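Encoded as structure tokens, the structure appears first; notes follow it.
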Amino acid sequence: PLAVPLLERVRELAPDEPQSHRDLALALAPTQPQRALDLLWDVASGSWDGRFADIDLIALAELNALAAKAPKLDLTRVDPRLRRNLPLDLRAVLSWDADNTDIDLWVTDPDGEKAYYGNRLTLQGGAMTHDFTGGYGPEEFSLRKAKPGRYEVRAQFFGHRQQLVSPYTTLMLWLATGFGTPDQKDQRVVLRLSGAGDQVLVGTFEVAARRP
Numbered sequence: 003p004l005a006v007p008l009l010e011r012v013r014e015l016a017p018d019e020p021q022s023h024r025d026l027a028l029a030l031a032p033t034q035p036q037r038a039l040d041l042l043w044d045v046a047s048g049s050w051d052g053r054f055a056d057i058d059l060i061a062l063a064e065l066n067a068l069a070a071k072a073p074k075l076d077l078t079r080v081d082p083r084l085r086r087n088l089p090l091d092l093r094a095v096l097s098w099d100a101d102n103t104d105i106d107l108w109v110t111d112p113d114g115e116k117a118y119y120g121n122r123l124t125l126q127g128g129a130m131t132h133d134f135t136g137g138y139g140p141e142e143f144s145l146r147k148a149k150p151g152r153y154e155v156r157a158q159f160f161g162h163r164q165q166l167v168s169p170y171t172t173l174m175l176w177l178a179t180g181f182g183t184p185d186q187k188d189q190r191v192v193l194r195l196s197g198a199g200d201q202v203l204v205g206t207f208e209v210a211a212r213r214p
């Protein structure tokens, strides 16, 4: 992919930020899955600053999903106790491009229940990772068995904790259905926010009823 050389450079400039390793891994996954897996393991097993909470778990889920799709990959570096693919009906991951920025992922299910930092576990079984109040995200919502119906994904921008050259923040949403399965389908959305207090509808999607 065209982005790989740029992401290689970003990783060189920001080796202490796990997002730089993860972003490169995700870009490499379609063409260089072994290197992508190794980079994801670096994120999953690394010791990172406390403001990057849960990125190790997010990377580990992506590593196991990648290994499930490409079974010939070398997993000798990966702790055997952590080699377990956990397929999901629904997975939404939100990241952004400005450091020290607080953006929250909100997902509303067909029953109207909203998953967010104040309601991290939903009645349907959805789970939200810890709130990122600094850094670049990502924040992840995962649901193993999704109820059929309409889901809504929103982002709430609370503000920066630093002066930025650009007043805009770019959001990147990765939405996957059938995550970690052969039927995985991915959608990616990129949006720009202009100021604190912005709340944007990132996307809506339908989960179809299961076949009998």
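Going by this note's numbering, the first residue of the sequence shown is number 3, and it counts up by one from there.
Here a beta-carbon is modelled for each residue, glycine too, at the ideal position from N, C-alpha and C.
For clarity, every value in this text was computed on a predicted model and none was experimentally measured.
Asked                                                                                                                        : Found
Beta-carbon gap between valine 218 and glycine 180 smaller than 7 angstroms                                                  : The requested residue 218 is not part of the displayed model; the chain covers only 3 to 214.
Three CB pairs or more closer than 8 angstroms across the stretch 138-151 and the stretch 89-105                             : yes
Cβ shell of alanine 72 (< 6 angstroms), same chain only, five flanking positions each side left out                          : Pro35
Meets three-Cβ-pair contact criterion under 8 angstroms: the stretch 100-117 and the stretch 125-132                         : yes
Spatial neighbours of valine 12 in its chain, beta-carbon cut-off 8 angstroms, leaving aside the 5 residues before and after : Ser22, Asp25 and Leu26
Closest by C-alpha distance to aspartate 58, when choosing among Gly139, Tyr153, Arg122 and Leu9                             : Gly139
Simplified DSSP assignment, three categories, for valine 80                                                                  : coil
Under 7 angstroms between C-beta atoms of leucine 15 and alanine 29                                                          : no
Own chain residues within Cβ distance below 6 angstroms of aspartate 99, not counting five before or after                   : Thr172
Closest by C-alpha distance to valine 109, when choosing among Ala63, Leu175, Asp185 and Arg194                              : Leu175
Beta-carbon spacing of threonine 182, asparagine 121 below 7 angstroms                                                       : Sequence inspection shows glycine at residue 182; the threonine mentioned does not correspond to that position. Their beta carbons are not under 7 angstroms apart, which means glycine 182 does not touch asparagine 121 by this criterion.
Neighbour-count burial assignment, aspartate 185, 16 or more Cβ in a 10 Å radius                                             : exposed
Buried or exposed (CB count within 10 angstroms, at least 16 for buried), aspartate 208                                      : According to the sequence as given, residue 208 is glutamate; it is not aspartate. It counts as exposed.
Residue(s) in a DSSP beta bridge with threonine 206                                                                          : Glu154
Assigned secondary structure, glutamate 141 (DSSP; H/G/I helix, E/B strand, else coil)                                       : strand
Sequence-distant residues of its chain with Cβ nearer than 6 angstroms to alanine 148 (five each side left out)              : Asp91, Leu92 and Val209
Leucine 68 beta carbon less than 7 angstroms from that of leucine 41                                                         : no
Buried/exposed call for aspartate 188, threshold 16 Cβ in 10 Å                                                               : exposed
Integer Cβ distance of arginine 85 from leucine 75, believed to fall under 8 angstroms                                       : The pair is not a contact, with the Cβ atoms about 11 angstroms apart (cut-off 8 angstroms).
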